[in-house]
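The sequence shown runs 25 to 361 under UniProt numbering. Notes follow once the structure below has been shown.
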Amino acid sequence: EGPLLDVRDLRVEFRTRDGVVKAVNGVTYDVDAGETLAVLGESGSGKSVTAQAVMGILDSPPGRITGGEILFRGRDLLRTGREERRAIRGAQMAMIFQDALSSLNPVLSVGYQLGEMFQVHRGDSRRTARAKAVELMDRVRIPAAKQRVNDYPHQFSGGMRQRIMIAMALALEPDLIIADEPTTALDVTVQAQVMDLLAELQREYRMGLILITHDLGVVADVADKIAVMYAGRIVETAPVHELYKRPAHPYTQGLLDSIPRLDRKGRRLYAVRGLPPNLTRIPPGCEFHPRCPRARQVCVTDRPPLYTVAENDGTPLPGRASACHFWKDELNDAPAH
Ligand code: SF4
Ligand code: MG
25 EGPLLDVRDL RVEFRTRDGV VKAVNGVTYD VDAGETLAVL GESGSGKSVT AQAVMGILDS
85 PPGRITGGEI LFRGRDLLRT GREERRAIRG AQMAMIFQDA LSSLNPVLSV GYQLGEMFQV
145 HRGDSRRTAR AKAVELMDRV RIPAAKQRVN DYPHQFSGGM RQRIMIAMAL ALEPDLIIAD
205 EPTTALDVTV QAQVMDLLAE LQREYRMGLI LITHDLGVVA DVADKIAVMY AGRIVETAPV
265 HELYKRPAHP YTQGLLDSIP RLDRKGRRLY AVRGLPPNLT RIPPGCEFHP RCPRARQVCV
325 TDRPPLYTVA ENDGTPLPGR ASACHFWKDE LNDAPAH
């Protein structure tokens with residue numbers, strides 16, 4: 025039996041007045057039941073668009089999937105009938121967004137919105153649905169759930185609203201949750217609480233979790249593995265702790281250097297210099313070369329494939345890959361040329 029979700033060589037384009045935006049250019053990743061994959065990248069790297077393609081919520085017509093496969097339990101969602109696809113996405117997958125306030129209906133109580141899930145999908149009575157809503161609110165640790173079930177979204181704090189979003193996502197006990205920047209709008213302490221809750225529920229329910237973020241700092245403790253995206257493709261994958269210890273791509277190294285850390289107080293914050301490319305005109309060769317401190321002539325002309333990363337003696341490192349011609353130097357921390 026393969027992974028829960030297996031995305032293979034996915035390609036997505038958007039037609040705009042400025043030309044064809046190549047938003048996703050051959051993304052391959054997978055996640056198992058009970059596993060957390062963090063997808064990391066700057067905005068415009070294609071991480072959200074990939075997730076939207078998986079969930080079937082790509083804004084069409086401008087967006088178009090031009091290639092690849094999205095296998096869920098071995099079934100390719102791009103090639104199954106509409107009804108089956110909808111059934112799978114409706115009951116077995118759920119998504120959590122950054123902005124709970126715009127995802128929740130402002131004029132309906134949270135208890136109503138949670139309860140509606142059970143009424144519509146489980147055929148529960150209003151009374152049962154309401155009881156389950158309270159139970160779920162308890163589950164995501166909203167204090168005094170019973171008293172607050174009739175409150176409206178704006179009556180909750182940002183962190184509590186994000187918990188309600190998690191409750192909505194959990195309601196039907198999906199096998200896969202995709203969370204797109206779920207804590208970005210929250211302050212740092214609340215971010216950590218919400219992230220811990222999500223990780224705890226993920227383990228308890230043994231779900232697959234895809235955590236989309238631009239912030240390498242928030243995923244260290246919760247992810248099992250990381251896929252780093254740049255200009256619509258994956259440039260590095262690794263088990264989480266290996267990625268932090270020994271990145272094998274200069275872009276990942278740059279992202280790591282830009283995390284504020286207590287043990288490096290006083291050191292100047294280094295963000296990756298420059299800007300991501302315009303996706304209507306992706307540079308030839310390595311898409312990262314205009315920003316890369318290691319770039320050489322070959323980087324301008326030859327597009328690096330996703331190399332399998334190995335130790336110096338040739339032993340492949342499981343789950344590790346890098347789209348850099350000089351991954352070996354980066355892995356071994358050899359100085360830039
Ligand atoms: Fe940098 Fe070249 Fe590696 Fe691209 S292939 S990341 S430009 S060293
Ligand atoms: Mg995004």
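A virtual CB, placed ideally from N, CA and C, is assigned to each residue, including glycine.
Contact set for residue i: own chain, Cβ-Cβ below 8 Å, skip 5 residues either direction
| i | result |
| --- | --- |
| P301 | A255, P307, E311 and P314 |
| V326 | A quick correction: the sequence has Asp, not Val, at residue 326. Counting only Cβ-Cβ distances below 8 Å, and skipping sequence neighbours, we find G309, C310 and H349. |
| R291 | Low per-residue confidence applies at R291: pLDDT is 46, beneath 50, and the placement is therefore not dependable enough to give any value. |
| L102 | I89, G92, E93 and I94 |
| A155 | none |
Residue i Cβ short of 7 Å to ligand 1 heavy atom set
| i | result |
| --- | --- |
| P27 | no |
| A319 | yes |
| P274 | yes |
| P328 | yes |
| F312 | yes |
| F350 | yes |
Beta-carbon proximity list for residue i, same chain, < 6 Å, skipping 5 on both sides
| i | result |
| --- | --- |
| T276 | V252 and E260 |
| D148 | F142 |
| P359 | none |
| L279 | L240 |
| D162 | A169 |
| T40 | none |
| R32 | T52, G92 and E93 |
| A223 | V246 |
Pair within 8 Å by beta-carbon distance, residue i and residue j
| i | j | result |
| --- | --- | --- |
| P177 | P206 | no |
| A244 | L235 | no |
| Q186 | L210 | yes |
| M117 | L61 | no |
| D175 | S133 | yes |
| I120 | D204 | yes |
| A157 | V173 | yes |
| Q215 | V242 | yes |
Beta strand (DSSP E) segment containing residue i, residue limits
| i | result |
| --- | --- |
| R88 | G87 to F96 |
| M141 | No beta strand (DSSP E) holds M141; the alpha helix (DSSP H) holding it covers V134 to R146. |
| L29 | L29 to T40 |
| G232 | G232 to T237 |
| D281 | Note, D281: premise wrong, no beta strand (DSSP E); alpha helix (DSSP H) at P274 to D281. |
| P346 | Just to set this straight, residue 346 is Ser in the shown sequence, not Pro. First-last of the beta strand (DSSP E) with S346: P340 to S346. |
| D204 | L200 to D204 |
| Y176 | Segment: none, Y176 is in no beta strand (DSSP E) and carries neither H nor E. |
| I112 | Per DSSP, I112 belongs to no beta strand (DSSP E); it is in the alpha helix (DSSP H), R106 to Q116. |
| L210 | Taken as a continuous stretch (DSSP letters only), L210 belongs to no beta strand (DSSP E), as it is neither H nor E. |
Terminal residues of the alpha helix (DSSP H) in which residue i lies
| i | result |
| --- | --- |
| V73 | K71 to M79 |
| E260 | No alpha helix (DSSP H) holds E260; the beta strand (DSSP E) holding it covers R257 to P263. |
| T332 | No alpha helix (DSSP H) contains T332, which is instead part of the beta strand (DSSP E) from Y331 to A334. |
| L355 | W351 to L355 |
CA nearest to the CA of residue i, picked from the options
| i | options | result |
| --- | --- | --- |
| S69 | L303, A216, D353 and V333 | L303 |
| G87 | K269, Q186 and V73 | V73 |
| R35 | G80, R257 and T332 | R257 |
| Q171 | L61, G135 and P198 | G135 |
| P263 | R320, V63 and A111 | V63 |
| A75 | R113, A169, L222 and C316 | R113 |
| L233 | V44, V78 and V214 | V78 |
| P167 | A153, R150 and I188 | I188 |
| E354 | I202, D100 and C316 | C316 |
| S67 | L330, T332, L29 and A47 | A47 |
Beta-carbon contacts of residue i that lie in its chain and below 7 Å, excluding the five residues immediately before and after
| i | result |
| --- | --- |
| E335 | L341 |
| L160 | L138, A191, L194 and A195 |
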